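Just below is one structure, and these are the notes that go with it.
Laid out in structure tokens, this is it:
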């Protein structure tokens, strides 16, 4: 079968190529550039904990060492600290302080992330990166697609599918005549990356209405985010309009901000990079046209109020990869491929709606709201949600209403992870007896079946693999309509002993069952693949599973 053609060699396109390769699917990445990225410290990304784990799993690189995990977060208004959060290792030092159990986001320069992806692809036999290749045309047929490129290396490529990861001006989207409605320049920020010492070592900061500045929306707003080696990225919210950000204006902002934060004269600093960051809000009407898909900025633009746009693009790639891999290996199942748009577009649309509803409140200039008691704290809470990936504005969505969600299951039980949400990372025992993290088994093109069995961690696998309910569960897993891996964990948050969790290849929970229930497990697995929870095929499979389980239990 022909490879998947990926248009665009940014983080989303490269992530998709690696994710497909891990599932034995070849791809061609059409890169209109020279195959390398210009170092830009003023262009950085913030990744949540699970997205960071995805990137490290795909690249094999210790990205945490290349970026900065924030020690904490503080929100200030004028001279007052309104909210303060401590992350991870520092939690013990701030017992009882809000957010002590929050995982720390990773702040990393985008060119460093892209470089790690390119380095991993350099050794990947299933991925070909075609540089200096600008897409010119796409032709679709029932059996595949043909992509034509122009430029010094212009040619044509034959593929099974095309995925447009080519940014907000996507050629793929335009060739498919897909509308991209929304708003332009919702927010503009002046950006500077500089090396200096600030009073908040390792802490990110959002300062609203700083006392040295009273003009602009809400009296001004500046964000400081640390990077490794004493580098900081500073963002100043600009007033509406298209006024140019001159070097003189930016230097003045830098000097007054550093002086205000240190309480005296401007401390020494080294200016490393500058830029203007413009945020748009747009959402493509369709994310799939036959064999053509959109992902990342080609499908959506968001990022106001501190939200993490690239993080959502990486989730697009993770969601789409296993579905394309299933189609590539087992034949296209339209309901499974259609679910990509249904799941991902709904989540991004909800985040855009939440941000659009909050923007007038936060950027509206005050009025009577400025005198309402507690309104400032409410505004700071909304902004913190965006910056830290929490709440309706910033939290990763769940696929609870997905077309892949199973119907009512008799044996379903609640756990601390809702249906459709990303599973928590716990230590598990793999089929070969090794101890690994649950997230390490994701992205391999298989469903995961996780048995919660307290006490198994202290025994060798040979002592419990054939005991109790294990033979019956193993038979049920073997009979599933899709490749699946059986794992065992000592515990999982909110799960009782002998619970069985079914997890999708992208790490989202399908269901949790009380004990070994082969019919329910089969129905849930079939639904997760885009099939009906109850059909002739599923009933037959459930019967075979029950018989196999009974035979295994009688041996």
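In full-length UniProt numbering, the protein residues as written are 1 to 555.
Cβ coordinates follow ideal geometry from the N, Cα and C atoms, glycine included.
Being a predicted model, the structure only gives us computed values, none of them experimental.
query, result
"Residue 452 (DSSP reduced to helix, strand or coil)", "strand"
"Classification of residue 96 by the beta-carbon crowding that lies within 10 angstroms, buried from 16 upward", "Its pLDDT being 34, under 50, residue 96 is placed unreliably in this model, and the coordinates cannot settle the point."
"Anticipated Cβ contact below 8 Å, residue 109 with residue 227, distance rounded", "7 Å"
"Run of the beta strand (DSSP E) containing residue 203, from where it starts to where it stops", "203-208"
"Straight-line gap, residue 373 to residue 61 (C-alpha atoms, nearest Å)", "Model confidence at residue 373 stands at a pLDDT of 43, short of 50, so the residue's coordinates are unreliable and nothing is read from them."
"Whole beta strand (DSSP E) elements within the region 67-144, 3-residue minimum", "72-77, 80-86, 106-109, 127-130, 134-141"
"Cβ pair residue 507, residue 404 closer than 8 Å", "no"
"Simplified DSSP state of residue 340, which is helix, strand or coil", "helix"
"Buried or exposed (CB count within 10 angstroms, at least 16 for buried), residue 212", "exposed"
"Delimiting residues of the alpha helix (DSSP H) encompassing residue 12", "11-21"
"Beta-carbon gap between residue 314 and residue 327 smaller than 8 Å", "no"
"Cβ pair residue 25, residue 12 closer than 8 Å", "no"
"At least 3 beta-carbon pairs within less than 8 Å: the region 396-415 vs the region 487-496", "yes"
"Range of the contiguous beta strand (DSSP E) that encloses residue 261", "Counting along the chain, residue 261 falls outside any beta strand (DSSP E), though it belongs to the alpha helix (DSSP H) covering 247-262."
"Rounded C-alpha distance that separates residue 553 from residue 479", "Because the pLDDT at residue 553 is just 38, under 50, the model does not fix this residue reliably, and the value given afterwards should be weighed accordingly. Spanning the two alpha carbons is a distance of roughly 15 Å."
"Three CB pairs or more closer than 8 Å across the region 267-279 and the region 189-199", "yes"
"Per-residue burial, residue 210 [other beta carbons within 10 Å of its own, 16 or more giving buried]", "buried"
"Same chain, Cβ closer than 7 Å to residue 236, neighbours up to 5 away in sequence not counted", "189, 190, 222, 253"
"Any 3 or more C-beta pairs closer than 8 Å across the region 291-300 and the region 6-23", "yes"
"Top-ranked residue by Cα proximity to residue 283, from 312, 134, 292, 269", "312"
"Segment limits, beta strand (DSSP E) that includes residue 294", "292-294"
"Per DSSP, the bridge partner or partners of residue 278", "188"
"Residue 330 (DSSP reduced to helix, strand or coil)", "helix"
"Those residues which DSSP pairs with residue 233 across a bridge", "193, 225"
"Residue ranges of each beta strand (DSSP E) within the region 372-439, 3 or longer", "427-429, 435-437"
"Whether residue 105 touches residue 389 by CB criterion (8 Å)", "yes"
"Three-way DSSP call (helix, strand, coil) for residue 283 in this model", "strand"
"Burial state of residue 387, where buried means 16 or more other Cβ atoms lie within 10 Å", "buried"
"Local conformation of residue 307 per DSSP, three classes", "coil"
"Residues near residue 49 by beta carbon distance below 6 Å, same chain, minus five either side", "103"
"Coil, strand or helix - residue 59 by DSSP", "helix"
"Three-state secondary structure assigned by DSSP to residue 273", "strand"
"Contacts around residue 113, its chain only, beta-carbon distance under 6 Å, and the 5 residues preceding and following it disregarded", "11"
"Which of helix, strand or coil DSSP assigns to residue 302", "coil"
"Alpha carbon of residue 88 to alpha carbon of residue 71, nearest angstrom", "8 Å"
"Environment of residue 1 [buried if 16+ CB atoms lie within 10 Å]", "exposed"
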